[in-house]
Amino acid sequence: MSIKMINIAIPDDEKLPDIIHTFSPKENFMMLKIGSICLNEGRNYVANLSQEEIYKKIKDESKSEIDKIEMNLMVQREMSKQMEDKLSKMYEGMYEGQIEQANKQTERLESTIISLKEKIKSYESENADFVK
85 MSIKMINIAI PDDEKLPDII HTFSPKENFM MLKIGSICLN EGRNYVANLS
135 QEEIYKKIKD ESKSEIDKIE MNLMVQREMS KQMEDKLSKM YEGMYEGQIE
185 QANKQTERLE STIISLKEKI KSYESENADF VK
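In the working numbering, the protein residues as written are 85 to 216.
Quick look at the structure:
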């Protein structure tokens with residue numbers, strides 16, 4: 085079996101475990117292969133976790149904005165309903181007053197008609213000679 089020599093850089097302040105000096109070339113390869121796979125999976129997990137966290141944050145912010153908009157919409161609907169009720173009562177009061185005035189005027193006109201009819205009858209009876 086032939087052997088490849090590789091140089092691996094590590095931080096200067098780190099110390100290699102003593103057991104590494106007891107590994108065979110095949111064990112060194114397995115250690116590097118398994119370690120590389122584990123580190124790659126860890127990076128992918130962290131990257132996916134970060135994407136999930138970003139997605140969750142965006143989702144939560146969107147939900148918060150949607151909740152605010154829905155709350156504003158509910159408030160506006162309630163205010164609109166209250167305004168509509170106030171306007172309805174105001175116009176109702178105005179129309180009731182106008183209807184009441186119209187009814188009073190109708191009563192006055194009816195009494196005027198009655199009195200005028202009575203006057204006409206009295207004129208007719210007083211002037212019966214001229215009417216014939």
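Note that the Cβ used here is the ideal one computed from N, Cα and C, for glycine as well. These numbers were taken from a predicted model, which means no experiment stands behind them.
Check, Outcome
"Quick check on the DSSP output: what are the complete alpha helix (DSSP H) runs of length 4 or more inside the segment 138-185, in order along the chain?", "none"
"Am I right that Ile87 and Pro109 are in contact with their C-beta atoms under 8 Å? What's the rounded C-beta distance?", "5 Å"
"Please state the DSSP three-state secondary structure of Met114.", "helix"
"Give a single yes or no on whether Ile103 has its beta carbon closer than 7 Å to a heavy atom of the ligand COA.", "The model depicted lacks the ligand COA and carries no ligand whatsoever."
"Just the Cα atoms here: how many angstroms apart are Thr196 and Gly181?", "22 Å"
"Kindly indicate which three-state DSSP category Ala131 falls into: helix, strand or coil?", "helix"
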